[in-house]
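Okay, structure first, notes after.
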Amino acid sequence: MNLEFFIARRTARATLENRSGVMARIAVVAVAVSVAAMLVSLAVMLGFRREVTARMIGFAAPVEVIDAAGVYAAESRPVVATAQLGALLRSVGGVRSATPYALKSGIVRTHEAMEGVVLKGVDGGYDWSFFADRLTEGRLPRVGDSVRTKELLLSASTARLLDVHAGDKVEMLFVTGDERPRRDRFKVSGLYSTGMEELERTALTDLRDVQRLSGWPPAGISGYDLSIDDVRQAGAVADAVNEALLHTELPEADGIVAVSVGERYPAIFDWLKAHNVNAAVIIAVMVAVAFFNMASALLILVLERTRMIGLLKAMGMESRRIRRIFLYRAAFIVGRGLLWGNVAAGALCWIQMRYHPLELDPSGYMLSEVPVAVGAGWWLTVDVAAAAAILALLLLPATLVARIRPDEAIKTD
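Written out as structure tokens, the structure is:
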């Protein structure tokens with residue numbers, strides 16, 4: 324058996340009256356709290372990034388192909404949709420589909436109130452999975468049928484302001500190119516809720532409805548929504564699409580560009596990147612707290628065992644081997660702290676994911692509840708990195724063992 328490990332295990336059996344036992348328990352609590360804080364903080368940070376990115380992509384697609392002059396505008400000049408252009412976009416590596424859409428700003432009006440919305444028209448190839456999972460009332464609108472329908476998918480927050488429900492009819496007002504208002508009536512087929520009220524001013528309907536209201540021909544669209552294999556590669560796919568558009572001879576490709584969702588909404592994604600700094604600061608502070616508590620406990624353990632250290636040195640044991648005994652003691656404490664910290668963090672994350680007790684103001688945080696994302700890979704990495712960092716730092720206070728002289732230590736009462 325490893326002698327250092329055996330001695331460390333025997334000396335770890337401290338009573339409640341023993342000072343080293345009390346300090347060891349304090350150190351365990353400090354490590355547990357620090358590890359739990361790191362894990363929960365990262366789970367929330369990653370949850371924010373995952374949920375905000377997923378919902379942004381649900382509204383705007385990972386990559387959009389639009390007129391270059393309308394990248395940051397609510398409406399843009401129409402893009403000419405052709406089979407050749409669609410085939411070119413789908414031929415780019417990483418692109419799964421290219422779906423046309425059209426946008427038109429307007430006002431929804433009822434007898435009680437009115438609210439501004441952006442009407443998004445889509446065709447039968449549109450992927451409704453994002454909104455289908457978030458339906459709160461009614462059904463999805465029918466689009467792309469041989470007979471054009473005037474159905475509207477409205478957000479629950481907008482419907483609440485207007486006091487309408489699925490099946491009700493609403494009037495919409497639009498401004499045409501000659502600045503004359505235009506009126507039309509739609510039937511609300513269903514309501515959706517994403518928790519991001521800042522983006523829920525989007526209402527969805529048939530593509531042909533928006534083309535007619537904008538006075539565009541059947542080939543006129545605002546752009547294409549591109550679905551891709553890996554949303555993390557949205558920037559690279561957008562660059563590849565722009566490269567293809569640059570080298571094509573199709574006349575309808577002139578003046579259009581591909582932009583990733585991060586380029587389209589830079590403020591939101593810069594806000595998410597700022598969370599990385601917060602996470603780094605929290606981790607650094609928690610590791611520092613755990614280290615100082617562990618260092619204090621280790622110093623007390625060394626001083627409390629001064630007589631034992633003197634006897635071991637007198638019997639010929641080297642200082643490095645004695646130092647290893649106390650590092651094993653520290654490893655026991657860190658291990659228990661990691662165990663309890665993981666249990667506490669896992670319980671808190673599970674409670675939030677299951678019951679959502681912590682809510683947020685959507686106007687300030689874009690989400691209505693605190694999101695949590697848990698992954699085995701990064702969770703284990705945090706555990707291993709935290710334990711390694713604390714034990715590596717504890718090499719410094721453990722050097723105190725080399726300064727203890729056997730003759731003075733044995734005389735210590």
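Just so you know, we're using my numbering here: the sequence shown kicks off at 324 and counts up by one. Beta carbons are placed, not taken as given, at the ideal position from N, Cα and C, and that holds for glycine.
Among the residues of its own chain, which have a CB less than 7 Å from the CB of residue i, if the five just before and after it don't count?
i, result
"ASN341", "Only weak support is given to the placement of ASN341: the predicted model assigns it a pLDDT of 49, under 50, and the question is left unresolved by the model."
"PHE328", "TYR651"
"ALA709", "VAL358, MET361 and VAL610"
Under 8 Å by Cβ, that's how I've got residue i and residue j pegged, so tell me the actual separation to the nearest angstrom.
i, j, result
"VAL354", "ALA597", "No, VAL354 and ALA597 are not in contact; Cβ-Cβ is about 28 Å, not under 8 Å."
"ILE741", "VAL402", "Any answer about residue 741 is impossible in this case: the structure gives the chain only from 324 up to 736."
"ASP548", "THR459", "Not quite, the Cβ-Cβ distance comes to about 23 Å (not below 8 Å), so this is no contact."
"GLY370", "ALA696", "4 Å"
"ILE648", "ALA360", "Wrong, their Cβ atoms sit about 30 Å apart, outside the cutoff."
"GLN534", "GLY444", "7 Å"
"LEU411", "LEU573", "7 Å"
"VAL487", "THR433", "6 Å"
Which same chain residues end up closer than 8 Å to residue i when comparing Cβ atoms and leaving out the 5 residues on each side of it in sequence?
i, result
"LEU463", "TRP451, PHE454, ALA455, LEU476, SER512 and GLY513"
"TYR588", "MET379 and ALA383"
"ALA561", "VAL386, ALA581, VAL582, SER583 and GLU586"
"SER516", "ARG457, THR459, SER478, ALA479, SER480 and GLU523"
What is the DSSP secondary structure of residue i, counted as helix, strand or coil?
i, result
"VAL582", "strand"
"GLY664", "helix"
"TYR424", "strand"
"ALA489", "coil"
"GLU387", "strand"
"VAL693", "coil"
"VAL418", "strand"
"GLU627", "helix"
"TYR395", "coil"
"THR433", "coil"
"VAL470", "coil"
"PRO680", "coil"
"ALA404", "coil"
"ALA331", "helix"
"ARG524", "coil"
"ARG505", "strand"
"LEU463", "coil"
Can you give me the Cβ contacts of residue i inside the same chain, cut-off strictly under 6 Å, excluding the 5 residues immediately before and after it?
i, result
"ALA559", "none"
"GLY546", "GLU387, VAL388, ILE389 and VAL402"
"LEU662", "none"
"MET368", "HIS598 and ALA602"
"VAL351", "ILE656, ARG659 and GLY660"
"MET437", "ILE430"
"ARG531", "ARG471"
Could you check whether the Cβ of residue i sits closer than 8 Å to any heavy atom belonging to the ligand GDP?
i, result
"ALA406", "Here there are no bound small molecules, and the ligand GDP is not part of this structure."
Using the Cβ count rule (16 or more neighbours within 10 Å means buried), how would you classify residue i?
i, result
"LEU624", "buried"
"ASN601", "exposed"
"ALA377", "exposed"
"ASN616", "buried"
"GLY429", "buried"
"LYS492", "exposed"
"PRO504", "exposed"
"THR704", "exposed"
Minimum length 4: unbroken alpha helix (DSSP H) runs contained in the segment 542-572: If you keep only unbroken alpha helix (DSSP H) runs of at least 4 residues inside the segment 542-572, you get 557-570.
I'd like the ranges of any beta strand (DSSP E) spanning at least 3 consecutive residues and lying wholly in the segment 598-661. Runs of the beta strand (DSSP E) spanning 3 or more residues and lying entirely within the segment 598-661 do not occur at all.
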